[in-house]
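Asks: The structure's right below; bear with me while I get my questions together.
Protein chains: 2
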Amino acid sequence: MLTPNPAVELSQTQMPPAPPVFPQPRDEGDFHTSSVPLNFARNSEIFAEGESAGYVYKIVSGVVRVSKLLPDGRRQISAFHLPGDMFGFEVDDVHHVSAEAIGPVKVLAYKWQSLLSNTSSSGFVHELLNRTMIGLRQTQDHLLLLGRKNALERLAAFLIEMVRRTGSDRSLQLAMPRHDIADYLGLTLETVSRMFAELKDAGIIKLESARQVSVLDMQKLEAMAT
Amino acid sequence: MLTPNPAVELSQTQMPPAPPVFPQPRDEGDFHTSSVPLNFARNSEIFAEGESAGYVYKIVSGVVRVSKLLPDGRRQISAFHLPGDMFGFEVDDVHHVSAEAIGPVKVLAYKWQSLLSNTSSSGFVHELLNRTMIGLRQTQDHLLLLGRKNALERLAAFLIEMVRRTGSDRSLQLAMPRHDIADYLGLTLETVSRMFAELKDAGIIKLESARQVSVLDMQKLEAMAT
DNA sequence: CGACTGGTTGACGAGGGTCAAGGACCGTGG
DNA sequence: CCACGGTCCTTGACCCTCGTCAACCAGTCG
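Residue numbers (the UniProt record's numbering), protein chains in the order written: chain A, 1 to 226; chain B, 1 to 226.
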C-alpha cells in the first residue's frame, strides 16, 4: 500500500461501511510536517508484513492491533495501540509486522522520509527515539509475561495494563474480542474465557458484559499479576 | 552502581579472578566522545534492574545476557549481546532490565547524558534510533517465538539465530549454559536438553560437546523453526 | 582424588490446548 | 414484533506438551 487509500480495501468479510476518507494534506502543529488523516473500517488492514513502509501513523481514535503471523496461521499480537500512540516506523523501509483496525479507526499519517530529512525535525528524531525506547521496554516486559507467567497471571497483567492505559479506575471497556486478547497473551480464547471466569468467581472482577469489566479488588488483581 | 568500578563486585559466588580495570577515559573515534574501557568477570553484574542508568555499553569481547526477574525467581532473558552490540540505554535514567557477563567481558562505557547533549552527536542519536528500532524488531520476533512456538521450534530458531549472528557456517560455539538458553526460550533446561537430543537423533545437528554444535542439515533446521 | 558446575535422561503429573456443543447478543428483514 | 443469521463467548471432556523431581554422568580445577 504505497498510496494511502485504505478505506477502499474492505476485502476480508462484509464490513460496516467505512467512514469517508479525506486525503488532503493538512498542517498539523505536531512535527512541523504535513499529515494526512485516514479512516479505517473494522478489521481492515492498515499495513501488512512485508509491505514497503512509507508512513508513520498516529492514532486519533480507535484501537489498532500490531501482529506477526506464522505460515500456518498462528498469530502473536505484539501490541495494542490506543489514541495518541504512534506506530509503523521501521528501520529499513519494510514492515516486519502488520497492523489492523480493531474497530473504526482514525489516524494521521506522516510521511516517514520527509520527517527524517527535515532539518527542523531533530525534535522529531528525539521524540521517535523516546517512543521507540518505551516500546522496546514494554515489549521486554511482555517477553517476561509470555516466557514465564501462567494463564491467570497473564490475564491479570493484561487487565491492569488496560486499566492504566485507558486512564479508567474501576470500570474497563475492552475494545477487542477474546481472540485478540488470547493472541496477545499467547493463549487460546477458551483459556482466556476460563481465566475471566476464575477472576469473576474469586470476586476480583465483575463482568457487566464480555467487553465491560469492573475491577472490584485492584489489590488482589495486582497480586495475581505477580 | 553510579561510579563504574565493577570488577570489584565479585559478590555472587566464588569467581575466577577478574581481569584488571583501566578506568582512564580514552578517546574513541566512534561517537566523538570519550569512553571508558571496563572488564567484567564471569557471572558478574554489569547493571541491575532499578539502578540508575548513566552509561551506554558497547561490547568489545565476550557475551552479555540481559534479563528480567519475577519476585519468585522466574527469569526471562530478553537478549544475548555479542561483540559490537550496544546495550544499557533507557528512557528515564532507570534500568528496567539487568545485564550480566556470561563469560569474561570487555566493554566500552559511554556517558549517556554527554552523548545526547553533545551537539556534534546528532549522528549518534540516529545511530541509537537505528539500534533501538532493530532491537525492537528482534524483540517482536522473540514475542512470536515465546507466544506461539513449541519447544523444538524454539531451539531450532535459537540455533539459527546464533549461527547467523556469529557469522559461522556449520560449526557453532555456544557461549552460554543450558540454563541461560532455557530462560531465553521460555523453557526449562531439561526441555532444552531434550530438544538438543531430538535434533541430534534426527541427524540435523551433531553435538561435539554440550557447547560445541555442528549443523549438519541447515535446510531441515530452518524448516523446523517454522 | 574429590568437589563442583553443568548436562542428560527417565518417570510422572499438571496446565493449558483441542474439540465440541450450546448460549448471548446484535442488526437486519420479513 | 419476532425470526434469523452472524459474531462472539462460555463451558465441558479429553489429551498432549512440557514442567517437576530425581538420579546419574561428564568435564574441570584445586
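Idealized CB from N, CA, C, for every residue including glycine.
Which of the three DSSP states, helix, strand or coil, is assigned to Glu208 (chain B)?
Replies: Against the second sequence, residue 208 (chain B) aligns to sequence position 208. Here DSSP, grouped into helix, strand and coil, assigns Glu208 (chain B) to coil.
Asks: Which residues in the same chain have their Cβ closer than 7 Å to the Cβ of Arg170 (chain A), if we skip the five residues on either side of it in sequence?
Replies: For this step, residue 170 (chain A) is matched to residue 170 along the first sequence. Around Arg170 (chain A): Ser214 and Val215.
Asks: Looking only at its own chain, which residues have a Cβ that is under 7 Å from the Cβ of Ser193 (chain A), when we skip the five neighbours before and after it?
Replies: In the first sequence, counting from the first residue as 1, residue 193 (chain A) sits at position 193. Same-chain partners within the cutoff: Arg178.
Asks: Checking contacts by CB at 7 Å: is Gly123 (chain B) closer than that to chain A?
Replies: Position 123 of the second sequence, counted from the start, is the residue given in the question as residue 123 (chain B). Gly123 (chain B) does not count as touching chain A.
Asks: Which residues of the region 85-100 of chain A have a Cβ closer than 8 Å to any Cβ of chain B? Give them in chain order.
Replies: Phe89, Glu90, Val91, His96 and Val97
Asks: Report yes if the C-beta distance between Ser78 (chain A) and Val66 (chain A) is below 7 Å; otherwise report no.
Replies: In the first sequence, residue 78 (chain A) corresponds to position 78, counting from 1. In the first sequence, residue 66 (chain A) corresponds to position 66, counting from 1. Yes. Within cutoff.
Asks: Against Thr139 (chain B), what residues of chain A qualify as contacts under a CB-to-CB distance less than 7 Å, listed in chain order?
Replies: For the purposes of this step, residue 139 (chain B) is taken as residue 139 along the second sequence, with counting starting at 1. Chain A residues near Thr139 (chain B): Leu136, Thr139, Gln140 and Leu143.
Asks: Can you tell which of A:Ala182, A:Leu38, A:Leu172 and A:Lys220 has its C-alpha closest to the C-alpha of Ala202 (chain A)?
Replies: Locating residue 202 (chain A) in the first sequence gives position 202, counting from the first residue. Here the closest residue by C-alpha is A:Lys220.
Asks: Going by the CB atoms, is the gap between Met86 (chain B) and Arg131 (chain B) shorter than 7 Å?
Replies: Your numbering for residue 131 (chain B) matches position 131 in the second sequence. Your numbering for residue 86 (chain B) matches position 86 in the second sequence. A contact, by the Cβ cut-off of 7 Å.
Asks: Is the CB-CB distance between Ser44 (chain B) and Ala101 (chain B) below 7 Å?
Replies: Within the second sequence, residue 44 (chain B) is the residue found at index 44, counting from 1. Within the second sequence, residue 101 (chain B) is the residue found at index 101, counting from 1. In contact: Ser44 (chain B) and Ala101 (chain B) (Cβ atoms closer than 7 Å).
Asks: If you draw a straight line from the alpha carbon of Ser73 (chain B) to that of Leu144 (chain A), how long is it in whole angstroms?
Replies: If you number the second sequence from 1, residue 73 (chain B) lands on position 73. If you number the first sequence from 1, residue 144 (chain A) lands on position 144. For the sequence presented, residue 73 (chain B) should be read as Gly rather than Ser. If you take the alpha carbons of Gly73 (chain B) and Leu144 (chain A), they lie about 12 Å apart.
Asks: Less than 7 Å separating the beta-carbons of Leu129 (chain A) and Leu129 (chain B)?
Replies: Working through the first sequence from its first residue, we reach residue 129 (chain A) at position 129. Working through the second sequence from its first residue, we reach residue 129 (chain B) at position 129. Going by C-beta atoms, Leu129 (chain A) is nearer than 7 Å to Leu129 (chain B).
Asks: Return the CA-CA distance between Glu153 (chain B) and Thr191 (chain B), expressed in angstroms with no decimal places.
Replies: Walking along the second sequence from the start, residue 153 (chain B) turns up at place 153. Walking along the second sequence from the start, residue 191 (chain B) turns up at place 191. Looking at the two C-alpha atoms, the distance is approximately 12 Å.
Asks: How would you call Pro71 (chain A), buried or exposed, if buried means at least 16 neighbouring beta carbons within 10 angstroms?
Replies: As a first step, residue 71 (chain A) is located in the first sequence; it is residue number 71 there, counting from the start. Counting Cβ neighbours within 10 Å, Pro71 (chain A) comes out exposed, since fewer than 16 surround it.
Asks: Who are the neighbours of Arg74 (chain A) on chain B, taking C-beta pairs under 7 Å?
Replies: What you label residue 74 (chain A) is simply residue 74 of the first sequence in a count that begins at 1. Neighbours of Arg74 (chain A) on chain B, chain order: Arg148.
Asks: Is the Cβ-Cβ distance between Trp112 (chain B) and Gly50 (chain B) less than 7 Å?
Replies: Taking the second sequence and counting its residues from 1, the one referred to as residue 112 (chain B) is at position 112. Taking the second sequence and counting its residues from 1, the one referred to as residue 50 (chain B) is at position 50. No.
Asks: Using a threshold of 7 Å, state whether the C-beta atoms of Arg165 (chain A) and Gly103 (chain A) are closer than that.
Replies: Against the first sequence, residue 165 (chain A) aligns to sequence position 165. Against the first sequence, residue 103 (chain A) aligns to sequence position 103. The Cβ-Cβ distance between Arg165 (chain A) and Gly103 (chain A) does not fall below 7 Å.
Asks: With a Cβ-Cβ cutoff of 7 Å, do Val125 (chain B) and Tyr57 (chain B) count as a contact?
Replies: Within the second sequence, residue 125 (chain B) is the residue found at index 125, counting from 1. Within the second sequence, residue 57 (chain B) is the residue found at index 57, counting from 1. Cβ atoms of Val125 (chain B) and Tyr57 (chain B): not closer than 7 Å.
Asks: Could you check what DSSP says for Met86 (chain A) in three-state terms: helix, strand or coil?
Replies: To locate residue 86 (chain A), count along the first sequence from 1; it is residue 86. Note: Met86 (chain A) maps to strand in three-state DSSP.
Asks: Hey, Leu187 (chain B) and Ala210 (chain B) are a contact pair by Cβ (cut 8 Å); roughly how many whole angstroms apart?
Replies: For the purposes of this step, residue 187 (chain B) is taken as residue 187 along the second sequence, with counting starting at 1. For the purposes of this step, residue 210 (chain B) is taken as residue 210 along the second sequence, with counting starting at 1. Between Ala210 (chain B) and Leu187 (chain B) the Cβ distance is about 16 Å, and since that is not below 8 Å, they are no contact.
Asks: What did DSSP end up calling Ala79 (chain B) once you bin it into helix, strand or coil?
Replies: Working through the second sequence from its first residue, we reach residue 79 (chain B) at position 79. Of the three classes helix, strand and coil, the one that applies to Ala79 (chain B) here is strand, per DSSP.
Asks: Indicate whether Gly147 (chain B) and Leu159 (chain A) have their beta-carbon atoms separated by less than 7 Å.
Replies: The count along the second sequence starts at 1 and reaches residue 147 (chain B) at position 147. The count along the first sequence starts at 1 and reaches residue 159 (chain A) at position 159. No, Cβ-Cβ distance for Gly147 (chain B) and Leu159 (chain A) is not below 7 Å.
Asks: With DSSP run on the structure shown, which of helix, strand or coil describes Ala175 (chain A)?
Replies: Position 175 of the first sequence holds residue 175 (chain A). Coil, per DSSP.
Asks: Suppose the cutoff is 7 Å on Cβ atoms and the five residues either side in sequence are ignored; what does the same chain contact list for Gly88 (chain A) look like?
Replies: Along the first sequence, one-based indexing puts residue 88 (chain A) at 88. For Gly88 (chain A), where only same-chain residues beyond five positions count, the Cβ hits under 7 Å are Phe47, Ala53, Tyr55, Val56, Tyr57 and Ala99.
Asks: Starting from Val64 (chain A), trace the beta strand (DSSP E) both ways and give me its first and last residue.
Replies: The residue given as residue 64 (chain A) occupies position 64 in the first sequence. Residues Val64 to Leu69.
Asks: Using DSSP's beta-bridge definition, name the partner residues of Lys106 (chain A).
Replies: If you number the first sequence from 1, residue 106 (chain A) lands on position 106. Note: Lys106 (chain A) sits in a beta bridge opposite A:Asn39 and A:Ser61.
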